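In my numbering, the protein residues as written are -5 to 506.
Note sheet for the following structure.
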């Protein structure tokens, strides 16, 4: 009875509303003006916008909906790779944004410009607000250069020997733990723990003890939620009316955990500062503490320490991919173990200096980084009004180059979706295959280019060489959920890679 009366009143009110001359007097013109605006805007974007000459999905030309779908699906790198196959070397993925696939475009966008040439500035995709103190988030070229000048010292070749004991120590813990898992273990998870423990030690002499305690640190538990939230945030930047809502989309549990992580990081830095005089081995933070300006900024120390630890955890995706590919390609694994085990008498005798001379190990690492592009999306830059691979891009337009699409294109690599370390060998090597002679190695930039290339490249390579060499020296590897996991199919990208669960069994080598 009540609902019936309510419906009758509601219907009567609607009739009165539509019959009212005053309401119709503004409503119809409003609809007309909104429709006219939409038509004029679409006309401009499709035929008169500076990027209108570039091909791409029609939906992407008139709205950010296509861009939002590609990112929120978790398959952005794969979707853009298919877009290049359909539309060519340049694809318009949003009204004011294009992406490129060619190596020359990558060079034009990201390389350090010659004096007097305009700079492609970092976009607001990962903006942190008004205060930028991390090497990752700082957008101003001069301020970024000052930060980089200080922190670069932590990654010079001469510093790598300082980090070797940390790596050896944690690798020994890893080996002792995993050989006891007769039924197998979650390799994806344990490699995250290994990399976080190493990252804490080399960054600020802090041990997260993930492997000792056999459990995730809150940092790892929160990463997935934070990565998803970061994706939602920069997607909603494209929709100004909805952007304020992004602050409510981070789960409360993740928000509280994130705050606890910052507090625990700050506490770890306090302890590190208190122990500065007694520490013999140097870490990343020791380089910053040598600088009078930045050593006084607690915010600088905390943010950059967090970025470095975070970077180590992200790098665990590459080493997980390396073991996945090796366990699914027995010939490659046998060649690697033969190369390593024939040269060393014990795990302790393995040195990074010696490993740099191992061609198959180097080929395995390069092929892993080609297939698993750890930063697979274009790092957006704002055009100053300059040419990119011969195409003039107007000032204010957003440009980037897709590393994932480039390294998975048959235009630059033969058999691009196959795991073939042979392609990276010198032509005189016994395992080299002529089919890869036309590969364009300039299309392979795993650590970026220019002033913003990966600051931790030297340490990342050191760790990959040591982890692969030592574990493949000591163990035969077996993937226990083979057939259930397909790396590319099961990957998802929400700012950070969500990796599939790779389960393995490590068999200790007793006779050589």
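Ideal Cβ placement from N, Cα and C applies to all residues, glycine included.
Note that the coordinates shown come from a computational prediction; the quantities given were computed from them, not determined experimentally.
Please tell me whether residue i and residue j are closer than 8 Å, where the distance is taken between their beta carbons.
i	j	result
residue 321	residue 473	yes
residue 492	residue 280	no
residue 393	residue 90	no
residue 463	residue 349	yes
residue 87	residue 95	no
residue 408	residue 367	no
residue 573	residue 497	In the structure displayed, the chain extends from -5 to 506; residue 573 sits before or after that span and is not available.
residue 39	residue 56	yes
residue 507	residue 355	Residue 507 falls outside the range modelled here, since the chain spans only -5 to 506, and no answer is possible.
residue 430	residue 446	no
residue 175	residue 375	no
residue 48	residue 84	yes
residue 342	residue 159	no
residue 420	residue 413	no
residue 319	residue 362	yes
residue 240	residue 195	no
residue 448	residue 441	yes
residue 207	residue 310	no
residue 266	residue 200	yes
residue 297	residue 128	yes
For residue i, which three-state DSSP category applies?
i	result
residue 449	coil
residue 479	strand
residue 377	coil
residue 116	strand
residue 244	coil
residue 232	coil
residue 162	helix
residue 500	strand
residue 472	strand
residue 202	coil
residue 179	strand
residue 385	strand
residue 226	helix
residue 485	coil
residue 301	helix
residue 492	strand
residue 508	No statement about residue 508 is possible, as the shown extent of the chain runs from -5 to 506 and does not include it.
residue 91	strand
residue 292	helix
residue 86	strand
residue 323	coil
residue 68	coil
residue 215	helix
residue 138	helix
residue 97	helix
residue 467	helix
residue 110	coil
residue 102	helix
residue 74	helix
Can you find the residues in the same chain that come closer than 8 Å, C-beta to C-beta, to residue i, ignoring five residues on each side of it along the sequence?
i	result
residue 331	466, 467 and 470
residue 388	44, 45, 377 and 379
residue 154	346, 452, 453 and 456
residue 216	248, 251, 252 and 255
residue 0	Unreliable placement is indicated for residue 0, whose pLDDT of 38 sits below 50; the coordinate value is still reported in the next sentence. For residue 0, where only same-chain residues beyond five positions count, there are no Cβ hits under 8 Å.
Residues in the same chain with beta-carbon distance under 7 Å from residue i, minus the five sequence neighbours each way, listed in chain order, please.
i	result
residue 53	59 and 60
residue 295	263, 279 and 282
residue 197	277, 278, 279, 299, 302 and 303
residue 70	64, 371 and 487
residue 172	179, 184 and 500
residue -4	Low confidence applies here, because residue -4 scores a pLDDT of 36, under 50, leaving its location unreliable and the question unanswered by this model.
residue 161	192, 457 and 460
residue 333	352, 354 and 355
residue 76	none
residue 99	382, 383 and 395
residue 177	none
residue 107	113
residue 477	none
Excluding sequence positions up to five away, which residues of its chain have a Cβ less than 6 Å from the Cβ of residue i?
i	result
residue 461	313
residue 305	450
residue 167	205
residue 494	479 and 484
residue 357	415, 418 and 419
Heavy atom of the ligand HEM less than 7 Å from the Cβ of residue i, yes or no?
i	result
residue 459	Questions concerning the ligand HEM fall outside what the structure shown contains, since it holds no ligand whatsoever.
Inset, instruction - State whether the segment 94 to 107 contacts the segment 382 to 398, with contact taken as three or more CB pairs (one from each stretch) at a distance under 8 Å. - result: yes
Inset, instruction - Check whether the segment 62 to 74 touches the segment 225 to 239, counting contact only when three or more Cβ pairs, one atom from each stretch, lie closer than 8 Å. - result: yes
Inset, instruction - Would you check if the segment 201 to 220 and the segment 185 to 193 touch, i.e. whether three or more CB-CB distances between them fall below 8 Å? - result: yes
Legend entry - Three or more C-beta pairs below 8 Å linking the segment 134 to 145 and the segment 400 to 417: no
Legend entry - Ranges of the beta strand (DSSP E) found wholly within the segment 328 to 414, counting only runs of at least 3: 380 to 382, 385 to 387 and 392 to 395
Legend entry - Secondary structure, alpha helix (DSSP H): runs of 4+ residues fully inside the segment 38 to 63: 52 to 56
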